[in-house]
């Protein structure tokens, strides 16, 4: 009986220790400042997952415990205007509860519906990532509490590959390329930057084709066979089923293009390959994640001020390859995958043998 009491007392003591430890952690977290990461989209989008990997790489090196919270607005899956506005208001409520000292706002919806409301906030520093728009759109240019990392298509790298492939695709002086895209604002801005780029060399950029629904998409893809040699695809995730407000899945959109076009397709975002394309060259989400978390930590730990952290622009790109589809399209035309491209793709887990792997 005595042994039983001793056993129970020991169990009770251990329980008290655990409860005390939990209470300490809760109190510690509640008193400690928070870094809040706000994603416009959700983790079903590879860009988001890879950007988070970049964030994690930086956090893994931290010796001290830092409270980092994540919130996903999920606007690609809920693209109606009223849903996006609601997602923005919910996010602002979360900010009022958590009272973060630093916010990392990722992609343009997070800026438009959340970030811009905290410009010049006295207690919050804002670091942005994945921004396709101009910073003036959100009031960031003159803000005293904002820095971040702009997302831009690596056009130089795209032109390098097209120049390498040109002789196998066309005997003409210029390789003709056309950008087919949806109506989202960020893609329209990407298209504008393609038009403003001057160093196309042996590549001729034709007027782009904008589509709203799946029928228009099919017609545009077939039309390119008459006017161009290569299709450039940046985004097609805002294409609707005909006569409805329901989106066509990106996999369905991409697979239709690959299976029904005689032209080669080159993606300008890494997810194009994951959706069913053969090859993509796009801005690195890993770089975006690493850079903005480094900035956030410098501000969080008061090691640097915003004056020391100027706004930056994409410097790295990733190559994404679907081996089987590359063979069916590019290699079929005699365009071997450069060894450096294969190495780049394998290094970041973007060399797929089968779809999604």
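Numbering (this note's numbering), first residue to last: 709 to 1065.
Backbone N, C-alpha and C fix where the C-beta goes; we use that ideal spot for every residue, glycine too.
Everything numeric in this text was worked out from a predicted model, so none of it was measured.
At least 9 Å separates the beta-carbon of residue 980 from that of residue 932. Under the three-state reduction of DSSP output, residue 1060 falls in the strand class.
Ranked by Cα distance from residue 743, the first of 813, 756 and 769 is 813. When secondary structure is reduced to three states using DSSP, residue 922 falls in the helix class. In this structure, residue 983 and residue 1018 do not form a Cβ contact; the two beta carbons are roughly 35 Å apart against a cut-off of 8 Å. Per the coordinates, the alpha-carbon of residue 854 lies some 7 Å from the alpha-carbon of residue 827.
Looking at the DSSP output, residue 1020 bridges to 857. According to DSSP, residue 955 shares a beta bridge with 948. The C-alpha of residue 861 is placed about 22 Å away from the C-alpha of residue 1038.
Straight across, the Cα-Cα distance linking residue 903 with residue 748 is about 27 Å. Remark: C-beta atoms of residue 905 and residue 974 do not approach each other more closely than 9 Å. In the three-state reduction of the DSSP assignment, residue 746 falls in the strand class, which pools E and B.
Between residue 1021 and residue 858, the beta carbon gap of about 5 Å places them in contact (Cβ cut-off 8 Å). Residue environment analysis places residue 988 among the buried positions, since at least 16 neighbouring C-beta atoms fall within 10 angstroms of its C-beta. In the three-state reduction of the DSSP assignment, residue 912 falls in the strand class.
The DSSP assignment places complete beta strand (DSSP E) segments of no fewer than 3 residues inside the segment 754 to 810 at 775 to 780, in order along the chain. In chain order, 759, 762, 837, 838, 857 and 859 place their CB closer than 7 Å to the CB of residue 996, counting only its own chain and leaving out the 5 sequence neighbours on each side.
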